[in-house]
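Line by line, the protein sequences are chains A and B. Quick note: to get the numbering used here, add 109 to the position in the first sequence (first position is 1). Quick note: to get the numbering used here, add 109 to the position in the second sequence (first position is 1). What follows is a set of notes on a single structure, which appears directly below.
There are 2 protein chains.
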Amino acid sequence: MVKITDVARHAGVSPSTVSYALSGKRPISQMTRQRIESSIRELGYRPHAGARALASSRSNVLALVVPLRAGIHVPVVMQFAVSVVTTARGHDHDVLLLTQEEGEEGLRRVADTALVDALIVMDVQLRDPRLPLLRSLDRPSVMIGFPQEPDGLTCIDLDFRAAGELCVERLARLGHQVVALVGSPPEVYVRETAFAQRVVQGFTASADRNGMSSCVRPCEAAPGAARRVAERLLSEQPALTGVVVHNEAVLEPLIEAFEQLGLRVPGDLSIIAICPDELAESLRVPVTSVALPSAELGARAVELLTKKLDGAAVSEATLLPPRLTDRASTAPRNAS
Amino acid sequence: MVKITDVARHAGVSPSTVSYALSGKRPISQMTRQRIESSIRELGYRPHAGARALASSRSNVLALVVPLRAGIHVPVVMQFAVSVVTTARGHDHDVLLLTQEEGEEGLRRVADTALVDALIVMDVQLRDPRLPLLRSLDRPSVMIGFPQEPDGLTCIDLDFRAAGELCVERLARLGHQVVALVGSPPEVYVRETAFAQRVVQGFTASADRNGMSSCVRPCEAAPGAARRVAERLLSEQPALTGVVVHNEAVLEPLIEAFEQLGLRVPGDLSIIAICPDELAESLRVPVTSVALPSAELGARAVELLTKKLDGAAVSEATLLPPRLTDRASTAPRNAS
DNA sequence: GCGTGACGTCGAAGCGCTTCGACGGGGGAA
DNA sequence: TTCCCCCGTCGAAGCGCTTCGACGTCACGC
Chain A
110 MVKITDVARH AGVSPSTVSY ALSGKRPISQ MTRQRIESSI RELGYRPHAG
160 ARALASSRSN VLALVVPLRA GIHVPVVMQF AVSVVTTARG HDHDVLLLTQ
210 EEGEEGLRRV ADTALVDALI VMDVQLRDPR LPLLRSLDRP SVMIGFPQEP
260 DGLTCIDLDF RAAGELCVER LARLGHQVVA LVGSPPEVYV RETAFAQRVV
310 QGFTASADRN GMSSCVRPCE AAPGAARRVA ERLLSEQPAL TGVVVHNEAV
360 LEPLIEAFEQ LGLRVPGDLS IIAICPDELA ESLRVPVTSV ALPSAELGAR
410 AVELLTKKLD GAAVSEATLL PPRLTDRAST APRNAS
Chain B
110 MVKITDVARH AGVSPSTVSY ALSGKRPISQ MTRQRIESSI RELGYRPHAG
160 ARALASSRSN VLALVVPLRA GIHVPVVMQF AVSVVTTARG HDHDVLLLTQ
210 EEGEEGLRRV ADTALVDALI VMDVQLRDPR LPLLRSLDRP SVMIGFPQEP
260 DGLTCIDLDF RAAGELCVER LARLGHQVVA LVGSPPEVYV RETAFAQRVV
310 QGFTASADRN GMSSCVRPCE AAPGAARRVA ERLLSEQPAL TGVVVHNEAV
360 LEPLIEAFEQ LGLRVPGDLS IIAICPDELA ESLRVPVTSV ALPSAELGAR
410 AVELLTKKLD GAAVSEATLL PPRLTDRAST APRNAS
């Protein structure tokens with residue numbers, strides 16, 4: 110293994126000079142720097158990560174905690190993770206992958222052993238047990254999602270409330286009067302995942318504001334569930350003409366079900382989803398949707414974190430404004 | 110930060126004794142060990158990862174390189190990753206996440222900086238450019254998938270050839286004479302991904318052996334693609350009664366398409382998939398399938414790696430035997 | 001009774017890097 | 001011309017841990 114003293118000797122300088130040339134923390138003359146750089150290249154020098162971490166108390170590694178539970182859409186998590194890794198690399202950091210399963214102990218472990226400099230935590234619940242822990246750690250963190258009391262922590266997420274509202278506003282402007290929200294599986298609400306409830310709030314508030322008749326239905330991801338929800342919806346709300354879907358897994362089967370029940374999309378029924386753009390675009394009927402910007406969230410989370418690592422102050426809460434894209438699943442309400 | 114000297118002082122021993130108590134590399138008396146352990150608990154001591162890595166030249170971190178490209182099924186990757194993390198934790202290792210995008214340079218970086226002790230590489234191509242690099246690194250690696258020349262490297266994968274054969278054998282035993290394979294998108298074959306070709310080989314060989322008429326069709330993941338493939342298949346092979354699907358993305362739409370074309374599954378057409386069990390089970394018609402055991406692959410990969418890290422020899426190639434589960438999509442050929 | 005291990009523990013020497021204080025030399029200000 | 005300061009570099013002191021050799025003690029065999 111070639112080490113910094115080898116480079117120093119080869120370049121005819123002291124090890125500290127090599128270190129400063131590498132880190133830029135002190136001025137080094139053009140000439141010396143170039144000599145060092147070519148020595149590095151020639152010898153194939155790579156600083157030892159452990160030694161660096163020990164001496165500088167920076168590992169240049171971020172922890173990413175991914176959820177595993179039912180009701181989360183896997184591609185969203187994956188896209189988020191990839192975006193985190195890519196962005197982190199752009200800031201000269203690597204990413205350590207942790208599963209939710211490891212729990213608080215896992216967070217504490219990687220933080221306390223100084224394995225990582227900072228943490229990104231996904232799938233935050235309203236009253237997440239990890240909150241006090243994150244506050245007590247001596248390293249910064251960013252949470253994806255908003256707990257009830259984010260005091261002192263940094264959070265970022267899509268503004269789900271606004272997303273719910275935006276969907277309804279669009280339906281309202283198209284003349285729809287009777288709308289429904291098909292949401293996540295019941296367990297997601299039970300465990301108090303903030304984003305699901307926020308969509309409901311936005312949806313309901315906006316429907317009320319617009320004088321629309323509205324209802325909310327959770328929906329399982331199981332095979333027949335979409336069909337059953339569609340049937341119940343139609344029997345209970347025969348005048349239904351607008352549906353907001355916030356559940357990736359059932360989006361396609363739900364459209365299928367409505368069509369089999371004799372409704373044409375968007376002729377008889379307009380549908381707006383809250384989901385990743387790729388999903389909305391990939392369906393047979395491209396669906397008007399509010400994007401779930403997982404890649405952007407990942408990138409922004411890393412940027413917040415690196416700022417905090419640099420000692421900068423960042424705002425506690427970042428809400429990404431929803432962005433709606435019109436596609437083929439929405440139309441003005443039938444004049445009939 | 111509490112360090113090993115603090116623990117040593119608190120327990121009334123020397124730092125090296127604490128270290129040995131922790132690692133078990135030298136015998137420590139019951140009494141001393143207990144005193145040390147309670148000191149550790151009391152002080153909340155956590156060994157510094159960087160210091161440990163520097164002194165022991167082991168980081169206890171594995172690198173996992175995940176693919177991002179088109180045509181790979183995201184949930185499979187995710188499940189694999191989770192399984193790798195879980196198993197690695199069981200062996201006292203953490204997992205660093207790398208994307209394919211980082212390429213060979215990324216592998217070299219994490220290996221040469223001693224950030225990781227070993228590497229797991231997914232989505233290996235027949236003539237993968239990373240092969241020579243992996244051979245030259247001074248740390249062990251395991252590849253998921255088989256390149257053309259695995260000499261000197263350790264590989265593991267499902268036995269896709271046997272999987273292709275197994276599907277055909279089952280169809281043959283059910284009396285089917287005319288079968289087709291619907292495979293991955295063309296680009297997967299173009300870039301010479303081993304597993305896709307192996308399925309084709311197994312499928313074709315077994316069909317020939319059984320005197321069956323067979324054909325192979327790649328299939329895009331795009332919305333209408335499944336329908337088009339189904340139509341062409343039926344017009345070119347009117348006697349078709351058995352289909353093997355090796356393409357997660359189109360499995361459901363393909364069944365849909367066949368049914369819309371007037372074929373009943375499994376009454377008129379038997380379908381066998383090569384896909385994760387969860388997918389096969391979640392469809393409206395639960396599909397007979399050969400499992401894609403991503404979790405098992407992940408676990409086995411980690412175990413191979415930790416064995417290699419312990420200096421044990423492991424076999425170069427591990428092929429997991431295919432496992433077929435009968436579900437509702439297969440039936441004996443119509444007597445008609 | 002003495003040599004011989006094995007056991008249990010200690011001290012010290014690194015592991016490879018960063019960083020702090022120091023220092024020589026050259027340029028600008030007075 | 002002198003003084004001062006800043007630029008560029010060096011040397012040394014760690015960072016917190018592991019590991020190697022050494023050493024005292026005890027039990028055992030002869």
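Glycine included, every Cβ here is placed at the ideal spot set by N, Cα and C.
Cross-strand partners of residue i (DSSP beta bridge)
i                      : result
residue 316 of chain A : Paired residues: none, contrary to the question.
residue 303 of chain A : In DSSP, residue 303 of chain A forms no bridge with anything.
residue 175 of chain A : A/208
residue 351 of chain B : B/288, B/379
residue 234 of chain B : B/302
residue 253 of chain B : B/265
residue 325 of chain B : B/290
residue 384 of chain B : B/400
residue 228 of chain B : B/172, B/250
Contact under 8 angstroms by Cβ, residue i with residue j
i                      : j                      : result
residue 215 of chain A : residue 207 of chain A : yes
residue 253 of chain A : residue 230 of chain A : yes
residue 186 of chain A : residue 176 of chain A : yes
residue 350 of chain A : residue 377 of chain A : yes
residue 326 of chain B : residue 338 of chain B : yes
residue 380 of chain A : residue 359 of chain A : no
residue 193 of chain A : residue 149 of chain A : no
residue 366 of chain A : residue 393 of chain A : no
residue 289 of chain B : residue 352 of chain B : yes
residue 170 of chain A : residue 131 of chain A : no
residue 401 of chain A : residue 384 of chain A : yes
residue 178 of chain A : residue 209 of chain A : yes
residue 122 of chain A : residue 168 of chain A : no
residue 183 of chain A : residue 294 of chain B : no
Any chain B beta carbon closer than 8 angstroms to residue i
i                      : result
residue 194 of chain A : yes
residue 252 of chain A : no
residue 231 of chain A : no
residue 396 of chain A : no
residue 206 of chain A : yes
residue 168 of chain A : yes
residue 332 of chain A : yes
residue 297 of chain A : no
residue 402 of chain A : no
residue 405 of chain A : no
residue 315 of chain A : no
Anticipated Cβ contact below 8 angstroms, residue i with residue j, distance rounded
i                      : j                      : result
residue 271 of chain B : residue 311 of chain B : 6 angstroms
residue 322 of chain A : residue 286 of chain A : 6 angstroms
residue 283 of chain B : residue 440 of chain B : 7 angstroms
residue 268 of chain B : residue 430 of chain B : 6 angstroms
Residue i at chain A interface by Cβ criterion, 8 angstroms
i                      : result
residue 157 of chain B : yes
residue 248 of chain B : no
residue 176 of chain B : no
residue 302 of chain B : no
residue 326 of chain B : no
residue 226 of chain B : no
residue 146 of chain B : no
residue 198 of chain B : yes
residue 415 of chain B : no
residue 243 of chain B : no
residue 190 of chain B : yes
Nearest to residue i (by Cα), restricted to the options the options
i                      : options                    : result
residue 292 of chain A : A/285, A/283, A/302, A/286 : A/302
residue 412 of chain A : A/348, A/329, A/227, A/324 : A/227
residue 144 of chain A : A/418, A/343, A/137, A/120 : A/120
residue 407 of chain B : B/390, B/172, B/245, B/435 : B/172
residue 237 of chain B : B/217, B/225, B/258        : B/258
residue 222 of chain B : B/402, B/163, B/399, B/332 : B/163
residue 274 of chain A : A/248, A/161, A/399        : A/399
residue 361 of chain A : A/345, A/346, A/343, A/388 : A/388
residue 276 of chain B : B/433, B/160, B/248, B/114 : B/433
residue 299 of chain A : A/159, A/129, A/234        : A/234
Residue i: CB within 7 angstroms of a non-hydrogen atom of the ligand ADP
i                      : result
residue 288 of chain B : Looking for the ligand ADP in the displayed structure turns up nothing, as the structure carries no ligands at all.
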